Structure formats: structure tokens, C-alpha cells
Ligand code: BG6
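Residue numbers (this note's numbering): 188 to 685.
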């Protein structure tokens with residue numbers, strides 16, 4: 188939990204209305220984040236949390252909240268005083284999201300609460316509901332900011348294709364102004380992702396190296412050991428490309444590749460991200476085979492535990508060809524990055540969990556110690572986002588003894604000694620909504636353009652009848668070695684640093 192001296196800006200009193208408050212995201216992330224935010228002062232103490240609940244009594248709802256908190260933040264439930272204080276902030280608004288009366292009830296509840304009429308509406312609901320909820324709020328005059336701000340938070344996935352994302356933007360923007368809409372990508376809320384920007388732009392030694400003259404290629408990845416858990420219904424329509432690459436990893440790519448913005452404000456940063464997205468070379472249909480990889484996990488063993496194949500997971504079709512691993516090689520056709528491959532990949536049920544940005548530099552142009560020494564490996568700079576956030580720099584040093592042969596020297600700099608001091612991504616992002624800072628949120632054009640970029644790949648994969656398989660808990664994907672064969676060091680796997 189953050190300490191009070193880490194909090195620079197305190198939010199104004201704001202009532203937080205959660206749609207989907209009995210759902211999994213609320214249980215795992217939102218409620219635990221809110222409780223911690225209240226404890227450390229990130230949420231103003233005059234704020235209330237309104238949960239919109241259908242077909243459940245208040246008693247049942249509060250018991251669900253307690254059960255969730257017991258599972259994900261047991262220390263709060265154990266602290267009776269804090270827990271009671273948190274409970275005193277919860278208000279249930281009964282109602283069905285499909286009915287106008289629900290939104291009127293929310294409006295009445297907000298009036299009853301008195302004070303400032305700031306409100307944040309958090310949509311932790313299935314995406315099909317986003318547009319309908321925005322409409323409902325508008326009809327109940329809850330998008331109107333005359334008496335206080337009104338901000339709408341939209342969870343990922345934002346659409347499932349270019350067309351659906353455009354439509355959703357249209358629906359939302361018809362009733363809310365763009366500056367009222369906060370599209371969440373929780374990767375941007377990770378402290379280590381923001382740290383990437385600070386490393387880039389607060390250190391002058393980075394900039395001269397940050398271009399095609401020194402960099403061979405970049406790999407940005409999220410490797411997970413978990414499977415699809417309870418989310419088959421969603422995942423069967425999504426797959427790894429939509430779930431991770433179009434959103435989290437492409438957002439990270441824009442941060443790695445963008446030019447320094449003129450100031451650290453939402454629009455200045457989004458403008459630079461958009462320039463990167465606009466410069467991404469379109470993937471022609473005949474290139475798809477060469478520039479992408481898709482695969483699906485078969486049974487195997489992860490961390491010593493046997494796990495079943497994707498197709499044997501509950502609610503997955505036995506002949507599903509959805510990819511649980513995806514990789515795409517992008518090129519950014521601009522002055523800085525011409526010819527540098529950006530390889531984005533993500534997989535479930537891999538051998539180890541890690542999210543990293545790996546910058547691989549070019550090899551030394553000439554091996555001075557050629558006659559008796561092995562060729563030095565190309566240097567690499569790795570930003571590890573999780574777990575154990577930090578930076579790793581791989582250099583070459585002389586082997587001790589009467590030789591000029593070299594060996595790799597790995598310099599590690601952990602980002603933090605005390606992980607407790609880090610706020611969770613949801614705390615950071617909800618706090619940003621409360622203080623009206625949209626810098627870590629995706630603008631409408633960014634989302635649409637990233638869908639546009641992956642659209643040819645989605646199109647090509649749509650009608651496939653088979654998919655490669657890899658054993659769960661392995662790196663057994665030969666197509667990845669092929670995709671990275673011309674890259675210095677080949678496919679970079681996180682275990683190399685353990
Ligand atoms: C979510 C995806 O957006 O991010 C999940 O839908 C994925 O499939 C998750 O597991 C990964 O997030 P994190 O923070 O654990 O890397």
C-alpha cells in the first residue's frame with residue numbers, strides 16, 4: 188500500500204458507481220484496489236461506492252464482497268475497524284442494466300448523497316453492455332457535467348474487430364465527450380511500464396542508442412503459466428492476438444518506439460503513440476505466414492503439475508483452433524526504426540511467467556579477439572515488467588585469467604527493494620480517473636488504429652481449420668525459432684535470466 192507521502196494529488200470527493208460489481212473483475216481487482224485506496228487516502232473520504240446489483244438482496248451482495256475480499260485482500264477483512272469503515276461506504280442500487288429505471292435510481296441515489304456531484308461510472312461488465320450503459324446514463328442525465336464531473340471507465344476488450352471498435356466509439360461519443368471516456372489498458376497502469384518511459388526520457392545515455400543504427404531488433408512479450416482459467420466463453424472468441432497483442436503489447440510497443448512528446452499530457456503522449464501506429468507497415472496477406480505465429484497448448488506440465496490441453500478445458504470446443512500463443516513481427520516505417528523488427532508475442536501455459544521488453548543491440552562490427560576468443564554476444568537491455576520488475580543489461584567482459592576471451596556479464600537493477608510500496612495498476616488507473624489524468628488511457632484513434640493493423644491477421648486466421656500445438660509448460664514452438672532466426676540471439680525466453 189502507498190504511504191501518504193507518495194500521494195502527490197488527492198482526488199476530489201467522487202461517488203464511484205460500479206456496473207458488474209458482483210463479477211470477477213470487481214472481486215479480484217476493483218474492490219481490493221478501492222479498499223486500499225480508501226485506506227491510504229487515494230480516494231477522498233467523502234466518496235461512496237455504489238454497486239449496481241440485480242436480483243440479489245443487499246445482504247447477499249455484502250456477503251459476496253466479504254468473500255471476495257477475504258480471498259484477495261484478507262488483511263483488510265482481518266482489520267475490523269478498516270473493514271467496517273469500508274462497509275459503511277458501500278451503497279447498493281438494485282436494478283437491471285437493461286432498464287431505464289435503474290439509471291434513474293442511480294441518479295436519485297447520487298442526489299440523496301448530496302455534496303459535490305462528481306461521479307465515476309465503472310463498466311466492469313461484458314463489452315456488449317458498454318454502449319447500452321452509456322445510453323442509460325445519458326437518458327438519466329448522468330453524462331451531464333453541469334454540477335460536477337462525470338467520467339466513464341471502459342474495460343478491455345474494447346471491441347473485437349475494427350468495425351466493432353468503431354461502432355463502440357461512436358456509441359460512447361454520441362453521449363459522452365471523449366475527455367469523459369477512460370479506456371483502460373491495465374498494462375499502462377503498471378508502475379514498471381511507466382518506469383520504462385522514465386528510463387527512456389530521464390536518462391540522456393539512452394537516446395543516442397535508441398534507433399536502427401544500434402538496435403538489431405526488439406521483442407515485447409507476456410509469457411504466462413496460467414491457462415484460460417474460467418474464461419472459455421470469452422477466450423474462444425478472442426485468442427491471444429486479440430487478448431494480449433492488439434491491446435497490451437501494442438500499447439507497450441508505442442511507448443518503446445514513440446518520439447519524446449512535447450509534454451507529459453494525455454494528448455501529447457497519444458499524438459506520439461499515434462505516429463508510431465500510423466507508421467506500422469501493413470501486413471500483406473502473402474506475408475502473414477512469414478510474419479506471424481499461432482499455436483495452442485496441448486496437455487503438459489506446468490511447475491511440476493500436470494495440466495490439460497486447451498481443447499479439454501471446460502466450455503472449450505474439442506475442435507477449437509483458437510490460438511493460445513500468438514506472435515507478430517511488425518516493422519515501423521519511419522526514420523528511427525526502419526528495418527528493425529519488433530516481435531510481439533504472448534502465450535498461455537508457457538514454461539515461465541514474465542513480461543519484458545528486450546532491446547537487442549547489434550553485434551560489435553568486428554571481433555578484435557578473433558584468433559583465440561569466441562565471438563561476443565550482442566548486448567541486450569531488458570526491461571522486466573513482472574515479476575521482479577527491474578532492468579537487466581547484458582554486456583561482455585573478459586574471462587578472468589591469461590586470456591582475452593569474453594564471457595557474458597549480466598547487470599541487474601531491481602526497480603524496488605520493497606514491492607509493498609508499489610500501487611496496483613488498478614489503484615493507479617482509478618486514481619488517475621479521479622484526478623482527471625488520461626495520460627495512461629487509450630484514446631479512441633489509438634484503439635481503432637491498432638485494430639486496423641491486426642485486422643489482416645485476424646482475417647487470415649478466421650477460417651483456419653487447424654493450429655499448431657505446443658506442450659503446456661514448454662517453449663516447444665519451432666515456428667518461433669523460425670520467426671526469430673535472423674534476429675541476434677534468436678527467440679528470447681525469460682528463463683535465460685533466472
Ligand atoms: C488480461 C488478459 O487483459 O491480461 C488475460 O485478458 C491475461 O488473458 C492478463 O491473463 C495478464 O495480465 P497480467 O497483469 O497478469 O500480466
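Ideal placement from N, C-alpha and C gives every residue a C-beta, glycine not left out. Since we're looking at a predicted model, the values are computed, not measured.
Neighbourhood of residue i by C-beta, 6 Å cutoff - its chain only, sequence neighbours within 5 removed
i, result
"residue 542", "409, 572 and 573"
"residue 685", "Reliability of the predicted coordinates at residue 685 is poor, the pLDDT of 45 falling under 50, and no value is obtained from them."
"residue 628", "369 and 370"
"residue 639", "349"
"residue 459", "445, 446 and 448"
"residue 398", "523"
Alpha-carbon spacing of residue i relative to residue j, whole angstroms
i, j, result
"residue 674", "residue 518", "13 Å"
"residue 437", "residue 589", "47 Å"
"residue 506", "residue 254", "36 Å"
"residue 275", "residue 219", "15 Å"
"residue 376", "residue 620", "11 Å"
"residue 296", "residue 636", "39 Å"
"residue 467", "residue 394", "21 Å"
"residue 663", "residue 611", "33 Å"
"residue 279", "residue 384", "40 Å"
"residue 661", "residue 681", "12 Å"
"residue 381", "residue 641", "25 Å"
"residue 301", "residue 428", "46 Å"
"residue 332", "residue 372", "25 Å"
"residue 551", "residue 499", "48 Å"
"residue 313", "residue 249", "22 Å"
"residue 430", "residue 521", "27 Å"
"residue 665", "residue 233", "57 Å"
"residue 366", "residue 237", "23 Å"
"residue 264", "residue 271", "9 Å"
"residue 652", "residue 406", "29 Å"
"residue 474", "residue 441", "22 Å"
Opposing strand residues paired with residue i [DSSP bridges]
i, result
"residue 404", "547"
"residue 530", "406 and 516"
"residue 308", "204 and 339"
"residue 569", "545 and 579"
"residue 479", "515"
"residue 277", "236"
"residue 487", "494"
"residue 601", "577"
"residue 437", "Per DSSP, none; premise fails for residue 437."
"residue 658", "485"
"residue 596", "582"
"residue 369", "340"
"residue 467", "519"
Supposed contact pair residue j and residue i - C-beta distance, whole angstroms, cut 8 Å
i, j, result
"residue 579", "residue 598", "7 Å"
"residue 205", "residue 239", "7 Å"
"residue 686", "residue 528", "Because the chain spans 188 through 685 in this model, residue 686 falls outside it and cannot be assessed."
"residue 284", "residue 306", "Actually they do not touch by this definition, with Cβ atoms about 16 Å apart."
"residue 510", "residue 414", "Actually they are not in contact, since the Cβ atoms of residue 510 and residue 414 sit about 13 Å apart, beyond 8 Å."
"residue 445", "residue 462", "7 Å"
"residue 290", "residue 339", "13 Å between Cβ atoms; not a contact."
"residue 209", "residue 251", "6 Å"
"residue 471", "residue 615", "Contact doesn't hold; Cβ gap of about 39 Å is too wide."
"residue 273", "residue 229", "Their Cβ separation, rounded to whole angstroms, is 14 Å, which puts residue 273 and residue 229 out of contact at 8 Å."
"residue 631", "residue 241", "With 8 Å as the limit, residue 631 and residue 241 do not qualify as a contact, their Cβ atoms being about 30 Å apart."
Cutoff 7 Å; reference residue i; Cβ partners in own chain excluding five residues on either side
i, result
"residue 358", "318 and 321"
"residue 353", "635"
"residue 503", "419, 423 and 497"
"residue 374", "380, 435, 438 and 439"
"residue 689", "An answer regarding residue 689 cannot be provided, because it is not within the stretch 188 to 685 covered by the chain."
"residue 456", "448 and 626"
"residue 401", "548 and 549"
"residue 266", "none"
"residue 334", "304"
"residue 490", "412"
Own chain partners of residue i with C-beta closer than 8 Å, once the 5 adjacent residues on each side are dropped
i, result
"residue 567", "545, 546, 547, 548, 579, 580, 581, 676 and 679"
"residue 211", "417"
"residue 715", "As shown, the chain starts at 188 and ends at 685. That puts residue 715 outside it, with no answer to give."
"residue 586", "592, 593 and 594"
"residue 601", "575, 576 and 577"
"residue 396", "402 and 548"
Query raised in the report: Is it a yes or a no for the segment 528 to 542 touching the segment 333 to 345, going by three-plus beta-carbon pairs under 8 Å?
Result: Contact fails: fewer than three Cβ-Cβ distances are below 8 Å.
Query - Stretch-stretch touch, CB-based, cutoff 8 Å, three pairs: the segment 483 to 492 with the segment 656 to 667 - result: Because the criterion of three Cβ pairs below 8 Å is met, the segment 483 to 492 and the segment 656 to 667 touch.
Requested in this report: Report yes or no: do three or more beta-carbon pairs, one from the segment 252 to 268 and one from the segment 213 to 229, lie closer than 8 Å?
Outcome: Short answer: they touch.
Query raised in the report: On the three-pair Cβ rule with 8 Å, is the segment 469 to 480 touching the segment 494 to 514?
Result: Verdict: yes, contact present.
Query raised in the report: Would the segment 559 to 569 and the segment 423 to 438 be scored as touching if the rule is three or more Cβ pairs under 8 Å?
Result: No: the two stretches stay apart, fewer than three of their Cβ pairs being nearer than 8 Å.
Query - Three or more C-beta pairs below 8 Å linking the segment 452 to 464 and the segment 544 to 558 - result: Contact fails: fewer than three Cβ-Cβ distances are below 8 Å.
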